[in-house]
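**Q** Here the sequence shown stands for residues 1 to 357, where the numbers follow full-length UniProt numbering.
Note that beta-carbon positions come from the ideal geometry of N, C-alpha and C, so glycine has one too.
Right, I'll just put the structure down here and ask away after.
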Amino acid sequence: MEPSVNQFERQRRYRVFDWSSNHQWQFYYNNLYPIPAMSQLERIRRRWYFNNIDREFDISYGEPQAQRQNSPSQQIPQAQRSSNSAAAPPPQAQESERPDHQNNQRQANQQREDGGFRNRQQHDTHPELANIQALNWLFFIILIPFKRGLANLLGFAALILGLIRTYGFHSQLDVLLQVALYDENLLMLPYMGVTLMIGWVNFIMYLPLIVHGLIESGDTVKNYLEQSYAQTYPLARSICDQLARAQRYREQLKSIKGDLELYIGVYLLGGWFFKKSNLISILFYWQLLRIKSAMKHPYMSEAVRKLDTTTLALTNRPECPQVVRSGHQKLRFVLKNMADLDQMKDMHPIARSCAIF
C-alpha cells in the first residue's frame, strides 16, 4: 500500500469519476437483484470501484476504525470472506460494541449521505390542519381542468399549510428554512412558481403536484370517507380502497414523482422549439433540479440515473444512426452543465446553490 497521503488523491479521483458514462458500471448496476437501497449504493459503488478501477483504493477510507475492522476488506480474498462470514457476529452485536462517539460519527455520515431527507421531522406540530390541507388538495385537483388560476392558489395554500402543519408558525424566514429545508412542501413551492409561468399551456406540469397531493393528504381523505360514507356508498368504499393502496405504495409514488419532474425538465427543453415553454422557465426549472441534486434528493438522483442509463443503452446500439448518437451526446452535455454540480465543487456552498450557470 502506498503512503496514506496518496489516498487523498485516490478519493478525489473516485469522487469525480463519471459513473453515468461507464458502460461496465451501468451493466453491473442494472443487473443487481434485488435493487439495492439508497443507503447501500455508496458502499456498492466503492467496492466496484476497487475491483474494476483502482486496486489500491481504500473502500473504508474515512470510516471509524471499528467499522473498518468489521467490514469486508479488500485485502481479504473472497473465499476467506465466505468462510469467516458464519463466525461473524450479527450487525446488532457489532453496533453495540462500538463506542458512543463512533455511533454518533456513523449517524452523522448517514445524515450527510441522505442529505437530511431521512432525518427530517416526521410528526405534525398542528395535526388539526390535516383536514384543511386535504380539502385544499382535493379542490386543487378538481379545478385544474376548469379554473387553473383558482387551482394554483389552492395549491400554494396546501403547500404552506403542509409546512405549518408539520413545523408550526415561525415569524422569521431563516428559522423556517433551517427546520424545513428538506421538506417536500417547501421544495414544491418554487416548482409551483414555474407552473404558474407555463402551466396554462402545459397540463403536464401539474402531474407532480397531483402525485404530491396524493402522498400528502391521501390518508386523511381515506379516513374521512371511511368514517362518513364508506359504509353507505359503494363508490366511497372503492375510493377508500384505492387510497389505501396508494398509501401502501408511497415510496413508489415518490419515485414516480421524481421521474416526472426530470422528464418535465427534458420536455421543457424540447417544448422551447414549439413555443410550449420559454427560456426563463427552463433556466429556473433546471435550477430547481440542480438544487435537489445538491441536496442529494434520493428520488431525483434515482430518476437521473435511470434516464441516463436508458438513453445510453439506446444510443449505443449498432443500429443507432451516428447523427442521433452525436445529438444525444451534445444534449447530455448540455443537461449535465445545467444540472450537475461536479463543475462547481470548489465554489462556496451558498454560491454553488444559487448559481444558474
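By how many angstroms is the C-alpha of alanine 158 removed from the C-alpha of tyrosine 285?
**A** When rounded, the distance between both Cα atoms is 21 Å.
**Q** Specify whether the stretch 213 to 226 and the stretch 129 to 136 touch according to this definition: at least 3 beta carbon pairs, one from each stretch, less than 8 Å apart.
**A** As far as the Cβ criterion goes, the stretch 213 to 226 touches the stretch 129 to 136, which means the pair count is three or higher.
**Q** Check alanine 246 in the structure and name its three-state DSSP category.
**A** In this structure, alanine 246 counts as helix in the three-state DSSP scheme.
**Q** Can you give me the C-alpha to C-alpha distance between tyrosine 191 and aspartate 259, rounded to a whole angstrom?
**A** Whole-angstrom Cα-Cα distance: 15 Å.
**Q** Should isoleucine 280 be labelled buried (16 or more other beta-carbon atoms within 10 Å of its own) or exposed?
**A** Answer is exposed; the Cβ neighbour count stays below 16.
**Q** Under 9 Å, do methionine 300 and leucine 262 count as touching if we go by C-beta distance?
**A** Yes, these two residues count as a Cβ contact at 9 Å.
**Q** Assuming contact is defined by CB atoms lying nearer than 9 Å, are leucine 312 and serine 21 in contact in what I supplied?
**A** Yes, the Cβ-Cβ distance between leucine 312 and serine 21 is below 9 Å.
**Q** Are aspartate 308 and arginine 332 closer than 9 Å when you measure CB to CB?
**A** For aspartate 308 and arginine 332, yes; Cβs fall inside 9 Å.
**Q** For methionine 295, which of helix, strand or coil comes out of DSSP?
**A** Three-state DSSP puts methionine 295 in coil, outside helix and strand.
**Q** Tell me the rounded alpha-carbon separation between tryptophan 48 and leucine 153.
**A** Answer to the nearest angstrom: the Cα atoms are 49 Å apart.
**Q** Tell me which residues share the same chain as glutamine 7 and place their Cβ nearer than 6 Å to its Cβ, disregarding the 5 neighbours each side in the sequence.
**A** Excluding positions up to five away in sequence, the list reads Asp58, Tyr61.
**Q** Go ahead and label histidine 23 buried or exposed: buried means 16 or more other beta carbons lie within 10 angstroms of its beta carbon, across all protein chains shown.
**A** Flag for histidine 23 reads exposed.
**Q** Short check: CB of leucine 189 to CB of phenylalanine 156, under 9 Å?
**A** Yes. Within cutoff.
**Q** Taking only three categories from DSSP, how would you classify leucine 269?
**A** Helix at leucine 269.
**Q** I'd like the list of long-range same chain contacts for tryptophan 272, defined as Cβ closer than 8 Å, with 5 residues on each side in sequence excluded.
**A** Asn278, Leu279, Ile282.
**Q** Write down every uninterrupted run of the alpha helix (DSSP H) in the stretch 134 to 195 whose length is 4 residues or greater and which is fully enclosed by it, in chain order.
**A** The stretch 134 to 195 contains these whole alpha helix (DSSP H) runs: 148 to 167, 173 to 180.
**Q** If you draw a straight line from the C-alpha of asparagine 316 to the C-alpha of phenylalanine 139, how long is it?
**A** Each residue's Cα considered, the two are about 46 Å apart.
**Q** Using alpha carbons as the reference points, say which of Gly162, Leu181, Ile160, Phe203 lies closest to lysine 147.
**A** Closest by alpha carbon: Phe203.
**Q** So the candidates are Leu243, Leu181, Asp241, Asn223; which of them puts its Cα closest to the Cα of histidine 297?
**A** Checked all of Leu243, Leu181, Asp241, Asn223; the closest Cα to histidine 297 is Leu181.
**Q** Cα separation between serine 255 and histidine 212?
**A** If you take the alpha carbons of serine 255 and histidine 212, they lie about 11 Å apart.
**Q** What would DSSP say about arginine 13, mapped onto helix, strand or coil?
**A** Note: arginine 13 maps to helix in three-state DSSP.
**Q** Report the rounded CA-to-CA distance for serine 39 versus arginine 305, giving the unit in angstroms.
**A** One C-alpha to the other measures close to 16 Å.
**Q** For arginine 245 and tyrosine 14, I'd like the C-alpha separation in whole angstroms.
**A** Cα to Cα, the separation comes out at about 41 Å.
**Q** Compute the beta-carbon to beta-carbon distance between isoleucine 215 and leucine 253, rounded to the nearest angstrom, for a pair I have assumed lies under 8 Å.
**A** Correct: roughly 6 Å between the Cβ atoms.
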